[in-house]
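Step one of this worksheet: look at the structure below.
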Amino acid sequence: MSASFFRSLPETAARRAPRAARTALWAHVLAATASVTHAAAPAMTKVPFGHVGDQSVELYTLANVHGIEARIMTYGATIVSLKTPDRRGRLRSIVLGFDTLAPYLAGVPYFGATVGRYANRIAHGRFVLDGKTYQLPLNDGPNSLHGGSRGFDKRVWTAQPIESAAGPALRLTYVSAAGEEGYPGTLTARVTYRLTNDDALSIEYDATTTAPTPVNLANHAYFNLTGDPQRTILGHVLMIAASRFTPVDAMLIPTGELRAVAGTAFDFRSPQRIGSRIDAADEQLRLGHGYDHNWVLDKPAPHAMGLAAVLSEPSSGRVVEVRTTQPGLQFYSGNFLDGKPAGTGTVFAHRTGMCLETQHFPDSPNHASFPSTILRPGQRYSELTVLRFRVR
Ligand code: BGC
């Protein structure tokens, strides 16, 4: 058996034991588990998922007591699939992804990945920090997008399974060297996925740095709650807890204005069918080719944990509720999905997936009026996003 089972084995004991002893320990755990009549399925398994150069990539499966299952790979700290039940109890993945590593390496647009060091755009890939100008590689027209040419989504992270009563958790760590993709300071970034038995996937981020640097970490899952990636997301119903959004210019860079959503196609304060206004004659929708904007979440304080969005899909009954400590939410309606990469079996057509990226506002390093994204030595970057799954 290639899978390893982590359930009910203290993490420290597992890490201390040499390989042969570990195998014996797993056998012992399995035997013990099998002898318990009401034993649930193993909460976490691990299988090899391929290689990037000489680095091996692993795929972890986290399951909760209700059969919800998240598969996470160490390449990009990426959510590969996320199975939740529909109202009839049928489990399907509600995020776009692939069963093998190859399509991810061939270049997919950040499917399920952790994006960083700076999620979203930095205009002209340039910012000034403490009087010094930094130039990042440009990988999105005149801008830097999602950390540059080889951002955190294209790195192999180190995984550490964690025991917890709330449900299985996986901590992934990536150390980004000073100067990598043009950013100052060595950044140690950690993302912890925890699948809890109350049907939530929490994603906890933390980071420390050796020199001042912008940091903005986000998950880039494309949701399709129908469970069928051939269907578009236009019939999904979305609520966003935001009275303002950040309008953009033609390069999708915020102008700096915080504009009221009232009376516009950007007002999702009450639930709206995504397709109902996406093609409205609206300058911002035209610039974004649909929705590709940051909403300013209504919160008592920028870092308060609060409701960001509720996404539902009437035919399956699935509902995902998003709560976060982050100040912004990028809702991207999959406008640039175009059926590529071809030849990998599954293709993802226009608007068959949508992202709800909890994060700081785009291009914050160039907007003094936006909440700061600068992390300094001695400080800890710490953010939490929780996705809760239910049906109606
Ligand atoms: C951005 C889109 C971009 C996409 C890349 C999103 O976060 O907002 O503009 O095309 O990422 O897949």
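In this text, residue positions in the sequence shown follow my numbering: the first is 11, and each later residue adds one. Here a beta-carbon is modelled for each residue, glycine too, at the ideal position from N, C-alpha and C.
Does residue i pass the burial test, meaning 16 or more other C-beta atoms within 10 Å, or should it be called exposed?
| i | result |
| --- | --- |
| Val138 | exposed |
| Thr368 | buried |
| Ala176 | exposed |
| Pro95 | buried |
| Glu267 | exposed |
| Asp64 | exposed |
| Asp209 | buried |
| Gln145 | exposed |
| Gly344 | buried |
| Pro387 | exposed |
| Asp302 | buried |
| Ser103 | buried |
| Thr33 | The predicted position of Thr33 is uncertain, since its pLDDT is 34 and thus under 50; a value taken from the coordinates is nonetheless stated next. Thr33 is exposed by the Cβ-count criterion. |
| Pro264 | buried |
| Leu385 | buried |
| Ala80 | buried |
| Pro310 | exposed |
| Gly135 | buried |
If I follow the unbroken beta strand (DSSP E) through residue i, where does it start and stop?
| i | result |
| --- | --- |
| Tyr114 | First-last for Tyr114: 112–117, but that is the alpha helix (DSSP H), not the beta strand (DSSP E). |
| Gly298 | Taken as a continuous stretch (DSSP letters only), Gly298 belongs to no beta strand (DSSP E), being part of the alpha helix (DSSP H) at 293–298. |
| Tyr70 | 65–73 |
| Met54 | 54–62 |
| Val396 | 391–401 |
| Gly316 | 316–322 |
| Trp305 | 302–307 |
| Phe329 | The amino acid at residue 329 is misidentified as Phe; the sequence shows Val. Its beta strand (DSSP E) spans residues 328–334. |
| Leu366 | 364–369 |
| Leu101 | 101–103 |
| Ala80 | 79–83 |
| Tyr144 | 142–145 |
Of the residues the options, which one's Cα is nearest the Cα of residue i?
| i | options | result |
| --- | --- | --- |
| Ile284 | Ala319, Arg269, Met315, Pro310 | Ala319 |
| Ser174 | Thr206, Val329, Gly157 | Thr206 |
| Ile243 | Gly363, Pro372, Thr110 | Gly363 |
| Leu347 | Arg269, Gly273, Val118 | Val118 |
| Pro372 | Gln336, Tyr391, Gln389, Val396 | Gln336 |
| Phe108 | Tyr144, Leu69, Cys365, Lys309 | Leu69 |
| Ser154 | Tyr128, Gly77, Ala231 | Tyr128 |
| Thr383 | Gly338, Tyr342, Met261, Val357 | Gly338 |
| Gly361 | Val330, Ile288, Ser374, Pro324 | The amino acid at residue 361 is misidentified as Gly; the sequence shows Arg. Residue Ile288 is the option with its Cα nearest to Arg361. |
| Arg402 | His377, Val185, Arg254, Gly99 | Gly99 |
| Ile172 | Leu182, Val166, Arg165 | Leu182 |
| Arg131 | Ala80, Ala169, Asn304 | Asn304 |
| Pro224 | Phe233, Glu214, Gly192, Val201 | Gly192 |
| Ile312 | Val329, Phe276, Ser392 | Strictly speaking, residue 312 in this sequence is Pro, with Ile absent from that position. Ranking the options by Cα distance to Pro312, first place goes to Ser392. |
| Asn226 | Phe358, Val125, Glu331 | Val125 |
| Ala291 | Ser280, Leu307, Thr274 | Thr274 |
| Val75 | Arg390, Val306, Ser91, Met54 | Met54 |
| Asp259 | Phe358, Gly298, Phe121, Pro281 | Gly298 |
| Ile213 | Leu394, Phe399, Asp140 | Leu394 |
| Ile82 | Val62, Ser286, Arg204, Pro324 | Arg204 |
Can you name the start and end residues of the alpha helix (DSSP H) that residue i belongs to?
| i | result |
| --- | --- |
| Gly344 | First-last for Gly344: undefined, no H or E at that position. |
DSSP three-state call for residue i: helix, strand or coil?
| i | result |
| --- | --- |
| Ala23 | Confidence in Ala23 is poor, its pLDDT being 33 and thus under 50, which makes the residue's placement unreliable; the coordinate value appears in the next sentence. In the structure shown, Ala23 sits in a helix (DSSP, three-state: H, G or I). |
| Ile243 | coil |
| His134 | helix |
| Phe162 | helix |
| Asn153 | strand |
| Gly285 | helix |
| Ala49 | Because the pLDDT of Ala49 is 43, which lies under 50, any placement of that residue in the model is unreliable, and the number read from its coordinates should be weighed accordingly. Coil. |
| Asn207 | coil |
| Glu190 | helix |
| Ser212 | strand |
| Ser91 | strand |
| Ser374 | helix |
| Ile172 | strand |
| Ala217 | strand |
| Pro310 | coil |
| Leu182 | strand |
| Ala199 | strand |
| Val225 | coil |
| Tyr120 | coil |
| Gly177 | coil |
| Ala41 | For Ala41, the pLDDT reaches just 30, beneath the cut-off of 50, and the residue's location in the model is therefore unreliable, leaving the point undetermined. |
| Tyr128 | strand |
| Asp107 | For the record, residue 107 in the displayed sequence is Gly; it is not Asp. Correct three-state label for Gly107: coil. |
| Gly388 | coil |
| Gly338 | strand |
| Leu139 | strand |
Does chain C have any CB closer than 8 Å to the CB of residue i?
| i | result |
| --- | --- |
| Val396 | In summary, chain C is missing from the structure at hand, where a single protein chain is found. |
Every unbroken beta strand (DSSP E) within the stretch 228–274, with a cutoff of 3 residues, ordered by chain: 247–250, 252–256
By C-beta, the residues closer than 7 Å to any heavy atom of the ligand FAD, given in chain order: As far as ligands go, the structure on display features the ligand BGC and does not contain the ligand FAD.
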